[in-house]
Amino acid sequence: MKLHYYPGCTLKEKTTNLDDSTRAAMEVLGYELVEPENWTCCGAEFPLTEEKIVGLAAPTRILRQVELEGGDKVVTTCAFCFNVLKRTNEALLKDPLKHKRINAYLRDDIKIDPLTKKKTTDFAEYHETVWVLHLMEFIKYQIGYDKVKSHIKRDLANLKVAPYYGCRLLRPAGEVGIDIPDDPHIFEEFLENIGCEVVDFPFKQECCGSYISVSLPDAASEASYQILRSARYCGADMLALSCPLCYYNLDRRQDRIKERFFDFTGMPILFFTQLLALALGVDEKVLGLDQHYYDPRPVLSKMHKTEVVS
Amino acid sequence: MNGNGKKKKIGVFVCHCGVNIASVVDVERVAKALENYPGVEFSTNYVYMCSEPGQKMILEKIKEQKLDSVIVAACSPTLHEKTFQNVVELAGINPYQLEIANIREQDSWVHSDKEKATAKAVKIVKSMVEKVLQNESLEPIRVGVTRRALVIGGGISGLQAALDIADHGYEVLLVEKGPSIGGHMIQLSETFPTLDCSQCIMTPKMVEVSRHPKIRLLTYHEVESVSGFVGNFKVKIRKKPRYVNPDLCTLCGDCEKVCPQIVSDEFNMGLSFRKAIYMPFPQAVPGTYTLDIDNCLGLLPIRCGKCKDVCEPKAINYDEQEEIFEEEVGAIVVSTGYDLYTMDHLGEYGGERYEDVLNGLEFERILSASGPTGGVVRRPSDGKVPKNVVFIQCCGSRDTENHNPYCSKICCMYTAKHAMLYKHRVPDGHATVFYIDVRTGGKAFDEFYQRAVEEDHVLYIRGKVSKVFQEGDRIIVWGVDTLTGKKVEMEADMVVLAMSMVKTEGGEELLKKLKIATDANGWLAEAHPKLRPVESLNAGFFLAGCAHGPKDIPETVAQASAAAAKVGDLFAQKELLHEPTIVPVNEELCSGCGICVTVCPYGARELDPIKKVVKVNEILCEGCGACAAACPSGAAQQKNQTDNQIFSMVKAILKG
Amino acid sequence: MRVKLKIGEEEKQFIERVSELSGQDVYKCYQCGRCSAGCPFAFEMDLLPNQIIRMVQMGLQDEVIHSKTLYLCASCFTCQSRCPKGIDLARLMEAIRLLIEPKGKDQFGPNDVPTKLANELPQQVLVAVYRKFSK
Amino acid sequence: MFEPKIMCFLCKWCTYAGADLAGTSRMQYASNSVNLRVMCSSRIDPQHILYAFKEGADGVFIGGCHPGDCHYVEGNYKTLRRTILLSRMLEDFGIDKRRLRLEWISAAEGKKFMETMNAFSESIRELGALNLDQVSLTNEDTKHG
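So this is what it looks like as structure tokens:
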């Protein structure tokens with residue numbers, strides 16, 4: 001089955017492991033992921049003031065492209081992209097005037113054919129027919145855990161995994177959340193259903209430092225440290241997440257955390273899709289496990305290699 | 001022409017109201033303009049129509065001119081309609097043949113152009129003439145009163161109301177859904193601001209209720225339905241089987257000992273356990289065991305039957321059945337109390353995740369000498385005496401966005417009390433209270449709060465806690481002190497959340513059965529927030545206690561007594577008078593479509609299944625007229641405000 | 001130093017402008033402090049989030065626009081999700097950042113990122129931080 | 001200048017009392033309206049409104065209690081629904097729907113009553129007189145026995 005999938009810029013560059021594992025896992029589940037043609041960056045941050053409305057044009061273009069290609073839904077794995085696309089969709093739905101204004105931008109788009117140098121103008125409008133879903137939602141509501149379970153090939157029961165939501169999947173409350181911001185369950189359900197041992201920890205919805213890690217790295221590493229410390233304290237072997245930025249702060253920046261916090265010993269960080277792909281029996285080589293700063297392979301070796309009879 | 005086809009003789013009296021009307025409206029011209037209007041027999045003006053000479057003039061003119069209806073063009077009917085009704089009644093005219101034309105508030109006072117204001121006054125008076133022409137003479141509807149009250153809910157408010165009504169000499173039915181009366185108050189340890197023991201003041205009241213000859217105590221009963229109207233309600237009550245005969249039960253407790261089913265104990269807020277056959281607490285009234293069928297292994301002797309086997313006095317009867325019976329009452333006091341907002345609403349405080357994060361009532365049980373820890377402050381997880389207790393106020397209150405918008409009113413005081421009592425029990429412990437505002441409006445309340453701070457050294461931190469979580473056996477509290485501008489983190493052994501008070505679970509269903517009005521938050525709505533605070537808008541229903549909104553014990557008791565006094569007022573009347581401007585049904589025209597039945601908010605209309613026409617209960621009809629507007633055939637016409645009257649008035653206004 | 005309080009036209013305009021740009025009603029805030037209590041970066045801030053909104057209410061424009069706090073907000077929306085009055089402080093912060101003069105000066109721009117770091121940073125973080133902190 | 005005729009139906013408990021308050025506060029407003037007091041705004045039948053237009057009203061105003069404040073629990077909601085429906089029908093009859101206005105005005109809102117009366121009067125003035133020729137209402141349509 002074909003399914004529209006918007007990877008976003010980071011997945012094509014710095015976190016190809018998220019992209020690859022998503023594709024591999026979805027293939028096992030019977031889905032061919034289709035990227036909207038000529039997609040651009042979504043803008044990463046949803047514009048928060050009325051004056052920056054033009055920031056909605058890029059994500060709307062992506063949604064329009066999906067619409068033009070006949071898609072009724074688009075799935076993302078990057079939490080930032082999900083956040084921006086979903087909020088854009090909601091904002092246009094809620095405010096017809098805004099919708100009109102953005103469509104005015106979209107109509108004026110110009111496309112130049114690289115070969116013929118011909119200009120195409122007068123583009124279509126976006127009609128609000130696309131449904132933005134995070135892959136975790138798609139799995140829960142569209143595929144169903146039972147189907148996922150029936151495809152499981154590896155037993156992950158020995159892996160103690162702490163689900164880390166971060167901010168973008170849950171907040172702003174009432175606008176975007178894939179679950180209740182202060183009492184979420186969907187990630188836990190997901191991990192449980194792919195066979196992991198779930199470790200609940202109180203920092204699962206705390207902020208990792210986000211883009212502050214560029215402007216004020218120390219503040220961000222403190223935030224990241226607190227999350228990792230808490231997960232470790234609660235007995236987790238590893239942290240699972242869905243956001244390339246959280247992944248950067250929590251995995252790649254462990255060097256900086258170690259410099260500042262001597263008790264910190266490191267912890268593997270995995271994308272939820274990597275765990276999904278592992279459970280579904282995907283070849284480890286495809287999953288980019290060698291890209292991680294903290295090598296997760298020693299911990300992953302705890303899982304049973306034997307195939308599960310399902 | 002009036003309804004009987006007889007020509008009416010109307011008198012029009014235009015008041016100057018000193019200069020209030022006369023300076024803008026040419027009153028003489030108004031009187032003159034009406035002189036020859038169809039139906040008007042006589043028209044005049046006078047400087048103060050409501051004065052003694054003015055009233056006298058009306059009386060005389062009625063007799064002299066043989067008038068049968070009267071229009072007074074003066075101030076708003078809210079001011080002197082009653083006055084002039086009395087005048088015409090003295091002259092032998094039915095008061096419903098009087099109408100007031102409002103030419104002061106709605107004319108002379110709001111306009112300055114004399115010409116226009118005078119023309120408008122003429123239109124107003126003419127429209128009232130048109131109305132009076134078709135007015136019927138009406139008599140108030142009279143109905144008898146059943147002098148017997150129903151009190152729903154056996155907490156402190158219900159008990160007080162029942163006792164007061166009974167002491168007035170009237171019979172009371174007190175219905176309580178639980179196995180014992182006592183409500184939430186019997187769960188409390190000590191009460192603010194006097195720190196007297198709640199049980200010590202509550203138990204004598206409970207006993208008094210059970211012994212009062214005028215009170216019929218119906219515990220383990222629920223109100224099934226209410227029909228009828230003020231003074232004449234019919235109430236269906238469901239008796240839930242208790243499987244234990246209270247008259248035979250000797251409270252020996254043998255049954256409890258052998259019962260194999262252990263469940264969590266509601267009276268102790270789930271902090272301890274009870275058996276499936278149990279007494280909710282030692283001082284329960286009535287003093288009897290109750291078999292909780294939801295938790296019993298089953299009534300078939302082959303499944304268990306142990307309790308019945310050991311019961312010496314043969315008090316246990318597995319064959320007891322549910323019964324529904326009907327009672328007649330004249331007034332209903334609703335005192336169904338409150339619930340606490342459940343902690344699972346507050347995920348950021350752990351929801352129900354942490355054993356040592358408690359709500360206010362749970363902490364009351366821990367403080368109580370009759371509680372699960374015998375009054376020693378121990379935390380539920382490991383029984384340790386907590387050395388650091390954090391109290392968080394406004395949990396779910398004053399939160400328009402995610403929870404309840406209102407202030408729960410009592411939490412400031414009980415939190416001060418909790419902190420104080422904790423310090424008395426654990427003198428080397430630390431009590432910290434996170435608050436937004438400390439509200440101590442009440443007699444001796446602020447002194448009490450100051451005592452907590454000054455004498456018991458309770459630390460008050462101004463700021464709402466954002467997050468509570470557990471690491472190991474420490475509970476971490478993330479707050480802020482807005483006074484110093486510092487974000488603070490605190491380690492605690494126990495956290496007590498002052499959860500918001502909310503309408504009772506299941507209460508909503510009951511209120512639907514009673515058909516009484518509630519406010520946006522589900523609390524009972526009073527008839528008037530200032531002048532009728534203990535009455536419901538629905539006649540014959542009275543409000544007492546927290547079902548009406550958060551309040552403390554003294555306020556609850558005062559309101560219960562007030563409700564009882566109002567019931568007394570009602571019962572003191574020989575008969576009840578009801579406004580006759582209702583909406584009857586013309587059976588000739590009624591097609592039985594039933595639309596009026598669905599729009600009536602009072603259930604006053606009913607489709608007669610045999611005659612296929614709508615029947616109206618005149619007492620229940622409050623005369624709003626919604627049905628008259630909805631009736632497609634014109635069969636529903638409001639008395640003295642028929643469609644024809646409205647059409648005539650509109651015509652007089654627009655063509656006059 | 002004693003802060004001189006006055007609510008004149010200028011202050012009112014500032015409050016209005018912030019409200020308009022952010023779409024948030026600053027008068028709703030009753031200063032419970034919950035935003036500050038849960039803010040992951042409050043420990044770095046010179047003014048706590050609740051103080052920012054308080055100062056907007058008071059019309060203390062200078063204090064607000066010179067605060068470091070504006071550049072510590074990670075738009076994680078923890079405050080928004082727990083605010084009892086439904087105020088979105090991240091929007092408020094962004095609106096105030098927009099009001100700062102002179103326009104065009106970056107608080108954080110491309111030159112502030114060391115080349116070595118720039119190579120390892122994920123694209124989205126750069127897009128995000130420029131969107132937030134540069135003009 | 002065109003002086004519109006405005007027919008006002010006011011509920012006894014809220015808007016009529018609000019109109020009284022405007023009076024006791026001596027607030028001045030346009031004198032081209034006359035009030036008719038009903039027990040509840042829900043007593044007003046769409047027929048009454050159509051009849052008023054037929055008899056020469058250029059505008060019809062209905063005043064009721066604020067949602068949740070109805071003396072008769074929920075009469076004002078019924079009024080709201082009926083008015084919305086009637087507004088749609090008015091257009092079919094060729095009557096501009098702006099000629100019918102429903103407002104919630106409480107007993108404490110004398111000022112709002114004054115302002116509403118002025119604003120409504122002004123807006124009807126702008127719309128001009130209701131040309132009855134365009135309105136195909138016969139006596140039988142609007143009035144029954």
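Protein chains in written order, with the numbering used here: chain A, 1 to 310; chain B, 1 to 656; chain C, 1 to 135; chain D, 1 to 145.
Positions of the beta carbon are idealized from the N, C-alpha and C atoms, including for glycine.
- The straight-line gap separating the alpha-carbon atoms of asparagine 617/B and alanine 628/B is approximately 15 Å.
- CA-CA distance, asparagine 119/C to aspartate 290/A, rounds to 18 Å.
- Alanine 101/B is bridged by DSSP to Ala73/B.
- Taking a 10 Å sphere around the C-beta of glutamate 37/A, we find fewer than 16 other C-beta atoms and assign the residue as exposed.
- Exclusion of the five residues before and after isoleucine 105/D leaves Cys14, Thr15, Gly18, Gly63, Lys112, Phe113, Thr116 as the residues of its chain whose Cβ lies within less than 7 Å of its Cβ.
- Cβ neighbours of alanine 58/A within its own chain (closer than 8 Å, five residues either side excluded): Thr40, Cys41, Cys42, Gly43.
- Leaving aside the five residues that flank valine 38/D on each side, the residues in its chain whose CB is nearer than 8 Å to its CB run, in chain order, Phe9, Leu10, Cys11, Lys12, Ile44.
- Distance from tyrosine 449/B to asparagine 404/B at the Cβ level is roughly 23 Å; contact not present, criterion being Cβ atoms closer than 8 Å.
- For glutamine 65/B, the enclosing alpha helix (DSSP H) starts and ends at 52-65.
- Listed by position along chain B, the residues whose Cβ is nearer than 7 Å to that of lysine 85/C are Thr400, Glu401.
- For serine 264/B, the closest alpha carbon among the candidates Pro282/B, Asn295/B, Lys239/B, Trp109/B is that of Asn295/B.
- Secondary structure remark: continuous alpha helix (DSSP H) runs of at least 4 residues inside the stretch 229-260 of chain B, in chain order: 254-258.
- Judged by DSSP in its simplified three-state form, threonine 273/A adopts helix.
- Under the three-state reduction of DSSP output, glutamine 638/B falls in the strand class.
- Proline 77/B belongs to the set of residues whose beta carbon lies under 9 Å from a beta carbon in chain D.
- Just so you know, the alpha carbons of lysine 8/B and glycine 39/B end up roughly 6 Å apart.
- Under the three-state reduction of DSSP output, phenylalanine 281/B falls in the coil class, being neither helix nor strand.
- Residues of the stretch 64-81 of chain D whose Cβ lies closer than 7 Å to any Cβ of chain B, in chain order: Gly68, Tyr72, Val73, Glu74, Gly75, Lys78.
- Here DSSP, grouped into helix, strand and coil, assigns arginine 462/B to strand.
- Short of 6 Å from the beta carbon of valine 199/A, and not among the five residues preceding or following it, lie these beta carbons of its own chain, in chain order: Lys160, Ala162, Cys234, Gly235, Ala236.
- From the listed residues Lys530/B, Gly485/B, Gly603/B, the smallest Cα separation to cysteine 32/C is found for Gly485/B.
- Taking the Cα of lysine 4/C as reference, the smallest distance to any Cα among Met58/C, Gly23/C, Pro40/C is reached at Met58/C.
- Against chain D, the CB of methionine 49/B has no partner CB under 9 Å away; the residue lies outside that interface.
- Taking 9 Å as the cut-off, the Cβ atoms of glutamate 355/B and serine 381/B count as close.
- The continuous beta strand (DSSP E) containing leucine 241/A extends over residues 238-241.
- Going by DSSP, proline 163/A is part of the beta strand (DSSP E) stretching over 160-163.
- Partner residues in a beta bridge of glutamine 321/B, as assigned by DSSP, do not exist.
- For the stretch 1-33 of chain A, the set of positions with a beta-carbon nearer than 8 Å to some beta-carbon of chain C reads Gly8, Cys9, Thr10, Glu13, Lys14, Thr15 in chain order.
- Legend: CB atoms of the stretch 107-135 of chain D lying less than 8 Å from CB atoms of chain B belong to residues Met114.
- By the neighbour-count criterion, in which a residue is buried when 16 or more other Cβ atoms sit within 10 angstroms of its Cβ, tyrosine 27/C is exposed.
- Chain-order list of chain B residues neighbouring glutamine 31/C: Thr482, by C-beta distance under 7 Å.
- Here the alpha carbons of lysine 615/B and valine 597/B stand approximately 9 Å from one another.
- If you keep only unbroken alpha helix (DSSP H) runs of at least 4 residues inside the stretch 67-114 of chain C, you get 78-82, 89-99.
- With respect to the C-alpha of threonine 642/B, the residue from Ala626/B, Leu654/B, Ile653/B, Lys655/B having the closest C-alpha is Ala626/B.
- The alpha-carbon of serine 127/B is positioned some 11 Å away from that of leucine 34/B.
- By the neighbour-count criterion, in which 16 or more other beta carbons inside 10 Å mark a residue as buried, lysine 105/C falls on the exposed side.
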